[in-house]
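Asker: Protein chains in written order, with this note's numbering: chain H, 476 to 783; chain W, 7 to 260. Think of the CB as a built atom: it goes at the ideal place given N, C-alpha and C, for glycine as much as any other residue. Treat the numbers as computed from the prediction; the structure is a model and nothing was measured.
1) Give the residues of chain W in contact with residue 633 of chain H, contact being defined as C-beta atoms less than 9 Å apart.
2) Okay, do the region 107–127 of chain W and the region 44–56 of chain W touch, 3+ Cβ pairs below 8 Å being the bar?
3) In three-state terms, what does DSSP make of residue 477 of chain H?
4) Against residue 114 of chain W, what residues of chain H qualify as contacts under a CB-to-CB distance less than 7 Å, listed in chain order?
5) Looking only at its chain, what residues have a beta carbon closer than 7 Å to the beta carbon of residue 688 of chain H, apart from the 5 residues adjacent to it on each side?
6) Since residue 495 of chain H and residue 663 of chain H are thought to touch, with beta carbons under 8 Å apart, how far apart are those beta carbons, to the nearest angstrom?
7) What residues in its chain sit with their C-beta under 6 Å from that of residue 603 of chain H, if we drop five residues either side in the sequence?
8) Counting only beta-carbon separations shorter than 9 Å, does residue 87 of chain W have a partner in chain H?
9) Quick one: which residues of the region 496–522 of chain H get their C-beta closer than 7 Å to a C-beta of chain W? List them in chain order.
10) Can you check which of these residues, H:735, H:537, H:652, is closest to residue 551 of chain H by C-alpha distance?
11) From residue 126 of chain W to residue 158 of chain W, what does the alpha carbon distance come to, in whole angstroms?
12) Counting contacts by CB-CB distance shorter than 9 Å, is residue 755 of chain H in contact with chain W?
13) On the three-state DSSP scale, how would you describe residue 167 of chain W?
14) Note down the Cα distance separating residue 773 of chain H from residue 35 of chain W, rounded to an integer number of angstroms.
15) Taking only beta carbons into account, state which residues of the region 671–689 of chain H come closer than 8 Å to chain W, listed in chain order.
16) When the distance is taken between beta carbons, is residue 226 of chain W closer than 9 Å to residue 164 of chain W?
17) To the nearest angstrom, report how far apart residue 578 of chain H and residue 617 of chain H are at their CA atoms.
18) Could you tell me which of H:692, H:535, H:677 sits nearest to residue 503 of chain H, measuring between CA atoms?
19) Mind pulling the chain W residues with CB within less than 7 Å of residue 530 of chain H?
20) From which residue to which residue does the alpha helix (DSSP H) around residue 714 of chain H run?
21) Got a sec: is the Cβ-Cβ distance from residue 80 of chain W to anything in chain H below 9 Å?
22) List the whole-angstrom C-beta distance separating residue 16 of chain W from residue 106 of chain W, where the pair is believed to meet the contact cut-off of C-beta under 8 Å.
23) Please list the terminal residues of the continuous alpha helix (DSSP H) segment that includes residue 187 of chain W.
Structure (structure tokens):
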């Protein structure tokens with residue numbers, strides 16, 4: 476353990492892991508809430524173009540990825556908010572185009588070594604440079620400030636967008652802000668978990684946590700805690716077993732999810748039993764359709780004839 | 007305008023389309039202070055689109071909208087409006103408690119400030135009004151459809167709105183919840199709130215309704231006292247007594 480911590484690159488990798496472990500689930504919970512769990516996956520694909528551009532222009536791939544990914548995320552949000560019927564096709568184009576473009580650019584660039592793109596795809600603890608760490612720290616801090624600080628607002632827009640608009644929230648601005656935060660998170664996390672597995676760290680800790688929680692606040696807290704634990708454990712395992720960090724982290728997260736889902740059923744039963752003893756509420760279903768509730772029998776034809 | 011109090015909703019000549027298909031072709035709709043207006047019509051007649059136009063989530067291509075006398079573009083007093091959307095489900099991809107969902111109705115009041123004691127008390131009051139206070143800590147996904155609807159109504163009531171907009175509040179709601187809903191609505195009207203209700207049929211809320219606006223194909227087909235011969239009330243032998251048929255000025259209700 477102490478030997479591992481004596482290496483500079485491991486110190487950086489573990490620090491990055493903590494930041495990623497916090498930011499990815501902190502943003503991911505809103506995507507899961509909105510049933511857009513695969514959004515992060517698409518952004519990871521788009522970010523590849525940014526990495527490719529970074530290779531070509533010999534600049535920092537991280538900053539280029541941030542730029543391209545934010546543009547991609549804003550595009551995706553505009554497609555989503557317009558509720559376009561063919562929105563999914565537009566997104567597919569964006570995802571595949573981003574991935575293809577990235578690979579093409581990387582192979583055109585001068586430093587097209589065998590492992591160069593590989594480390595961005597799967598994550599690598601050896602590649603977190605000191606300059607990267609500074610970028611990750613700054614971006615991570617922004618993401619955490621927004622996703623935790625604006626929790627009530629973001630919860631409201633992801634829970635019910637129309638309702639949030641009627642409370643006077645700047646829904647469009649908040650949606651764009653959330654999309655940009657997701658994009659930034661993808662690029663923050665890409666060094667540690669890799670672009671292909673970024674989405675997993677945004678989603679799996681959240682769905683694992685919600686097996687055992689009932690409130691949004693508890694889910695977010697538990698998901699972040701879980702994200703930090705699996706990221707640290709994954710990076711450590713990656714060091715000892717000499718495997719890429721991304722897959723190690725993600726498999727650990729999935730294992731936690733599996734254990735939590737096994738625990739969920741007996742826990743829910745106990746909870747229900749406890750409540751059943753506390754208050755003797757009705758144990759039968761009382762749901763009635765309105766047509767049964769009113770005395771008159773109505774047929775769909777009669778109801779449809781209302782306007783005539 | 008010579009009105010001492012401007013109408014809560016004043017929609018004039020509204021034209022709107024969804025997905026390229028024209029849905030509203032010049033709808034006029036006014037809700038006076040303290041008035042309860044039911045918006046009726048068959049499926050696809052434009053009821054829900056009219057309501058979405060009123061809350062601004064469907065943009066108007068033509069026509070004007072004023073809320074409490076302020077043009078929509080410069081309207082900021084959103085805390086005066088409580089909205090109950092057409093319910094599919096109150097649950098989303100992540101678990102949330104009844105209290106968390108209802109608390110979002112308070113965002114217009116506390117904005118970026120932290121949630122304070124008076125916000126929490128307002129949430130408690132709204133939950134008590136719909137009889138769901140004892141379920142505050144439960145997940146919304148664990149509730150029945152009628153109970154979820156009550157939660158959504160509590161969410162709209164938590165800001166004590168001057169205008170309550172409800173889209174099909176009775177759809178798929180169990181009998182117990184229908185009763186709670188009617189009682190809640192009665193209390194809100196007694197408090198002086200204006201109400202705009204989208205309904206499929208007048209049903210059990212009929213005694214509360216001052217005026218009915220019937221839409222057909224995106225146009226107003228009727229605007230006046232609730233017409234008894236619509237829907238199930240057209241059945242022969244249905245004895246119908248309407249308490250508001252004398253067109254009492256609605257402001258007297260306040």
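Answerer: On the basis of the coordinates in this document:
1) In the first chain, residue 633 of chain H corresponds to position 158, counting from 1. Under the 9 Å cutoff, chain W gives 98, 99, 100.
2) Between the region 107–127 of chain W and the region 44–56 of chain W there are fewer than three inter-stretch CB-CB distances shorter than 8 Å, so the stretches are not counted as touching.
3) For the purposes of this step, residue 477 of chain H is taken as the residue at position 2 of the first chain. Here residue 477 of chain H sits in helix by DSSP.
4) Taking the second chain and counting its residues from 1, one reaches residue 114 of chain W at position 108. Per Cβ cutoff of 7 Å: 642, 643.
5) Position 213 of the first chain, counted from the start, is the residue given in the question as residue 688 of chain H. Apart from the 5 residues on each side of it in sequence, residue 688 of chain H sits with its Cβ closer than 7 Å to the Cβ of 694, 697 in its chain, given in chain order.
6) For the purposes of this step, residue 495 of chain H is taken as the residue at position 20 of the first chain. For the purposes of this step, residue 663 of chain H is taken as the residue at position 188 of the first chain. Residue 663 of chain H and residue 495 of chain H do touch by the CB rule: their CB atoms are close to 6 Å apart, below 8 Å.
7) Position 128 of the first chain, counted from the first residue, corresponds to residue 603 of chain H. Around residue 603 of chain H: 487, 488, 491, 666.
8) The sequence position of residue 87 of chain W within the second chain is 81, counting from 1. Interface residue, yes.
9) With the criterion set as a beta carbon lying under 7 Å from some beta carbon of chain W, the members of the region 496–522 of chain H are 504, 507, 508, 509, 510, in sequence order.
10) For this step, residue 551 of chain H is matched to residue 76 along the first chain. With distances taken between Cα atoms, residue 551 of chain H lies closest to H:652.
11) Indexing the second chain from 1 puts residue 126 of chain W at position 120. Indexing the second chain from 1 puts residue 158 of chain W at position 152. The straight-line gap from Cα to Cα measures roughly 16 Å.
12) As a first step, residue 755 of chain H is located in the first chain; it is residue number 280 there, counting from the start. Model confidence at residue 755 of chain H stands at a pLDDT of 49, short of 50, so the residue's coordinates are unreliable; what they give is reported in the following sentence. Put simply, the CB of residue 755 of chain H is far from chain W, with every gap to its CB atoms at 9 Å or more.
13) The residue labelled residue 167 of chain W in the question sits at position 161 within the second chain. The three-state secondary structure of residue 167 of chain W, taken from DSSP, is coil.
14) Against the first chain, residue 773 of chain H aligns to sequence position 298. Against the second chain, residue 35 of chain W aligns to sequence position 29. Caution is warranted here: a pLDDT of 46 is assigned to residue 773 of chain H, below 50, making its placement in the model unreliable, and the coordinate value is therefore given only provisionally. Residue 773 of chain H and residue 35 of chain W have their C-alpha atoms spaced approximately 29 Å apart.
15) Cβ contacts with chain W: 681, 685, 688, 689.
16) Residue mapping note: residue 164 of chain W aligns to position 158 of the second chain, counting from 1. Residue mapping note: residue 226 of chain W aligns to position 220 of the second chain, counting from 1. Residue 226 of chain W is positioned such that its CB atom lies no closer than 9 Å to that of residue 164 of chain W.
17) Taking the first residue of the first chain as position 1, residue 578 of chain H is located at position 103. Taking the first residue of the first chain as position 1, residue 617 of chain H is located at position 142. Approximately 29 Å, taken between the alpha carbons.
18) Within the first chain, numbered from 1, the residue matching residue 503 of chain H stands at position 28. Cα-wise, what sits closest to residue 503 of chain H is H:677.
19) If you number the first chain from 1, residue 530 of chain H lands on position 55. Correct list: empty, because the minimum Cβ distance to chain W is about 36 Å.
20) Here residue 714 of chain H corresponds to residue number 239 of the first chain, with the count starting at 1. That run of the alpha helix (DSSP H) goes 691–716.
21) Along the second chain, read from residue 1 onward, the residue named residue 80 of chain W stands at position 74. No, because no Cβ of chain H sits closer than 9 Å to the Cβ of residue 80 of chain W.
22) Here residue 16 of chain W refers to the residue found at position 10 when the second chain is read from its first residue. Here residue 106 of chain W refers to the residue found at position 100 when the second chain is read from its first residue. Rounded, the Cβ-Cβ distance is 35 Å, inconsistent with contact.
23) For the purposes of this step, residue 187 of chain W is identified with residue 181 of the second chain, where counting begins at 1. From DSSP, the alpha helix (DSSP H) with residue 187 of chain W extends over 181–197.
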